[in-house]
Amino acid sequence: MRKNFYVFLNIDAVLLDPSLNILNSEKSNAKNGATMQFNTVCVEALKFLFEELTKHYDVNLVISSDWKSDMAQVISALYEHDLMAVKKVEATRNSSFNIRGLEIKDYLKDKEDKENFLIIDNETTDIVSFVNKDKILKTVSNKDVLNKKQIENYLVKLGLMKKGEKNLQDNLVKDELILG
Numbered sequence: 128m129r130k131n132f133y134v135f136l137n138i139d140a141v142l143l144d145p146s147l148n149i150l151n152s153e154k155s156n157a158k159n160g161a162t163m164q165f166n167t168v169c170v171e172a173l174k175f176l177f178e179e180l181t182k183h184y185d186v187n188l189v190i191s192s193d194w195k196s197d198m199a200q201v202i203s204a205l206y207e208h209d210l211m212a213v214k215k216v217e218a219t220r221n222s223s224f225n226i227r228g229l230e231i232k233d234y235l236k237d238k239e240d241k242e243n244f245l246i247i248d249n250e251t252t253d254i255v256s257f258v259n260k261d262k263i264l265k266t267v268s269n270k271d272v273l274n275k276k277q278i279e280n281y282l283v284k285l286g287l288m289k290k291g292e293k294n295l296q297d298n299l300v301k302d303e304l305i306l307g
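Note that the working numbering numbers the sequence shown so that position 156 is 283, with each residue one more than the last.
Structure representation (structure tokens):
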């Protein structure tokens with residue numbers, strides 16, 4: 128049986144990049160039926176993470192964002208951006224103090240393979256006192272959005288990639304460009 132791996136994902140300033148000037152109006156647009164517009168660099172990085180993790184684990188995506196209050200909209204956007212290569216999509220429960228780290232810790236307490244997780248978030252002050260910082264991939268709005276290099280570095284730390292190793296898809300694209 129394959130082990131589980133949990134990816135905790137914040138939406139704001141991770142997939143919704145404020146530099147695209149959509150973050151402030153995104154929630155009101157979503158309520159009117161508009162689709163959430165994700166940063167393409169972040170989407171590609173997340174797809175790459177899911178592709179690599181699913182080779183070894185059953186990946187569970189856990190929404191730890193304020194967006195969890197509208198999971199239908201989140202799941203619709205994930206499908207639209209082809210980000211559903213995971214076993215399951217869930218959300219953390221709201222804690223009475225709205226402390227994300229506590230919500231994540233509570234989510235993991237009864238899970239199998241609870242040591243296998245990654246938190247992707249731009250705001251970690253309410254997380255670091257509850258989990259090891261090695262389990263956090265911090266993004267910085269407008270500066271260091273989630274990108275493939277961050278994912279590659281994380282996969283190297285996890286032992287799923289060797290430093291400097293490129294995935295097969297990158298090699299095929301380069302070969303196609305050379306031959307094409």
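Beta carbons are placed, not taken as given, at the ideal position from N, Cα and C, and that holds for glycine.
- Residue 185 is positioned such that its CB atom lies closer than 9 Å to that of residue 130.
- A distance of 9 Å or more separates the beta carbons of residue 258 and residue 187.
- Membership of residue 244 in the beta strand (DSSP E) is indicated by the continuous run 244-248.
- The straight-line gap separating the alpha-carbon atoms of residue 143 and residue 278 is approximately 18 Å.
- Cβ contact annotation for residue 256 (same chain, cutoff 7 Å, sequence separation greater than five): 228, in chain order.
- The Cβ-Cβ distance between residue 248 and residue 276 does not fall below 9 Å.
- Judged by DSSP secondary structure, residue 188 falls within the beta strand (DSSP E) whose first and last residues are 184-190.
- Comparing alpha-carbon positions, the option among 253, 231, 274, 246 lying closest to residue 171 turns out to be 274.
- When 251, 178, 207 are compared, the shortest CA-CA separation from residue 226 is found for 251.
- Residue pairing from DSSP places residue 131 in a beta bridge opposite 185.
- Going by beta carbons, residue 245 and residue 176 fall inside the 9 Å limit.
- Under the rule that a run must span 3 or more residues, the beta strand (DSSP E) segments found entirely inside the region 201-251 read 215-218, 244-248.
- In this structure residue 180 touches residue 132 by the C-beta definition: roughly 5 Å separates them, less than 8 Å.
- Per the coordinates, the alpha-carbon of residue 178 lies some 10 Å from the alpha-carbon of residue 211.
- Residue 195 and residue 203 have their C-alpha atoms some 13 Å from each other.
- Here DSSP, grouped into helix, strand and coil, assigns residue 262 to helix.
- Here residue 139 is bridged, per DSSP, to 143.
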